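Q: Just so you know, we're using my numbering here: the sequence shown kicks off at 2 and counts up by one.
Even glycine gets a Cβ: it sits at the ideal position worked out from N, Cα and C.
Just so we're clear, the structure is a prediction, and the values are computed from it rather than from any experiment.
Quick one: the structure is below, and I'll ask about it shortly.
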Amino acid sequence: MKGKYYAGASIRGLAAEYDCAFGTARNLLLLAGTQLRKRGGGVPRPITVEDRGAGGGA
């Protein structure tokens, strides 16, 4: 899930794919140490390694 999010998938899209609620998908990403993107924009964009910061690996 974390890898798909970093590749540009939305939390809503992941929730639908994994058949869970938005909040559950978001919490799973946070528990995995995922650096979340800013809200809005409507265009999913990948997070680069540089944007993840030190120690935020995949």
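With DSSP run on the structure shown, which of helix, strand or coil describes Ala33?
A: coil
Q: Expressed to the nearest angstrom, what Euclidean distance is found between the alpha-carbon atoms of Arg40 and Ile12?
A: 11 Å
Q: Where does Ala26 fall in DSSP's three states?
A: helix
Q: Which of the three DSSP states, helix, strand or coil, is assigned to Ala17?
A: helix
Q: Does the beta-carbon of Tyr6 have 16 or more other beta-carbons within 10 angstroms, so that it is buried, or is it exposed?
A: buried
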